[in-house]
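Okay, here's the thing in structure tokens:
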């Protein structure tokens, strides 16, 4: 476990060096999607440095019962990294994850998740940007952008 903690600290230090500042807020989005057609089923790591929100995915290693198995698609992985500032956000809305996926696939209009849907179904935070792009985050910390 100490080795994993050391690797994590090294990773975070490298991020801070790359972006020239300290991480002052971080969380994980269990699922990510956007209006550009990107979907990350295994989520993204999201963090804030100097007022800029950065997010990135990681190559997921396939495993069964904790044992890593050979990945036949190893060459297909392409690192996904993006960023934005809070000032670029137009609005936010809690929506059903299934509706978010449908929006990404078809462009079909999307509406706010009702009370029952929020209790019983997977929901995501829809972030509408001033440039009309949309991003969906299934955040571990629900108040991350507050």
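Residue numbers (the working numbering): 2 to 147.
Note that beta-carbon positions come from the ideal geometry of N, C-alpha and C, so glycine has one too.
As the structure is a prediction and not an experimental result, all values here were calculated from the model.
>> Measuring straight from C-alpha to C-alpha, what distance separates residue 26 and residue 139?
In response: One-based indexing of the chain shown puts residue 26 at position 25. One-based indexing of the chain shown puts residue 139 at position 138. Straight-line Cα distance between these residues: approximately 16 Å.
> Which term fits residue 113, buried or exposed, when burial requires 16 or more other beta carbons within 10 angstroms of its beta carbon?
Replying inline: Here residue 113 is taken as the residue at index 112 of the chain shown, counted from 1. Its Cβ having fewer than 16 others within 10 Å, residue 113 is exposed.
> Among the residues of its own chain, which have a CB less than 6 Å from the CB of residue 19, if the five just before and after it don't count?
Replying inline: Taking the chain shown and counting its residues from 1, one reaches residue 19 at position 18. So no residue of the chain qualifies.
> Which of helix, strand or coil does DSSP assign to residue 124?
Replying inline: By one-based count along the chain shown, residue 124 stands at place 123. Strand, per DSSP.
>> Within a Cβ cutoff of 6 Å, which residues of the same chain sit near residue 134, ignoring the five residues on either side of it in sequence?
In response: Taking the first residue of the chain shown as 1, we reach residue 134 at position 133. Cβ neighbours of residue 134 beyond the five flanking positions: 36.
> What residue from 51, 82 and 39 has the CA that sits closest to residue 57's CA?
Replying inline: Residue numbering aside, residue 57 sits at position 56 when the chain shown is read from its first letter. Among 51, 82 and 39, the Cα nearest to that of residue 57 is on 82.
>> Using CA atoms only, rank isn't needed, just tell me which of 59, 42 and 48 is closest to residue 32.
In response: For this step, residue 32 is matched to residue 31 along the chain shown. Looking at the Cα atoms, 42 is the closest of the given residues.
> Which whole-angstrom value describes the C-beta separation of residue 130 and residue 77, a residue pair presumed to lie in contact below a C-beta threshold of 8 Å?
Replying inline: Locating residue 130 in the chain shown gives position 129, counting from the first residue. Locating residue 77 in the chain shown gives position 76, counting from the first residue. At roughly 28 Å, the Cβ-Cβ gap does not stay under 8 Å, so residue 130 and residue 77 are not in contact.
>> If I follow the unbroken beta strand (DSSP E) through residue 95, where does it start and stop?
In response: Within the chain shown, the letter at position 94 stands for residue 95. 90-97 is the span of the beta strand (DSSP E), which, as asked, contains residue 95.
> Taking C-beta to C-beta, are residue 48 and residue 16 nearer than 8 Å?
Replying inline: Translated into positions along the chain shown, residue 48 becomes position 47. Translated into positions along the chain shown, residue 16 becomes position 15. Yes; because the gap between Cβ atoms is below 8 Å, this pair is in contact.
> Roughly how many whole angstroms lie between the Cα atoms of residue 98 and residue 119?
Replying inline: To locate residue 98, count along the chain shown from 1; it is residue 97. To locate residue 119, count along the chain shown from 1; it is residue 118. About 10 Å.
> Just reading off the beta strand (DSSP E) that residue 25 is part of, what are its end residues?
Replying inline: As a first step, residue 25 is located in the chain shown; it is residue number 24 there, counting from the start. Its beta strand (DSSP E) spans residues 24-35.
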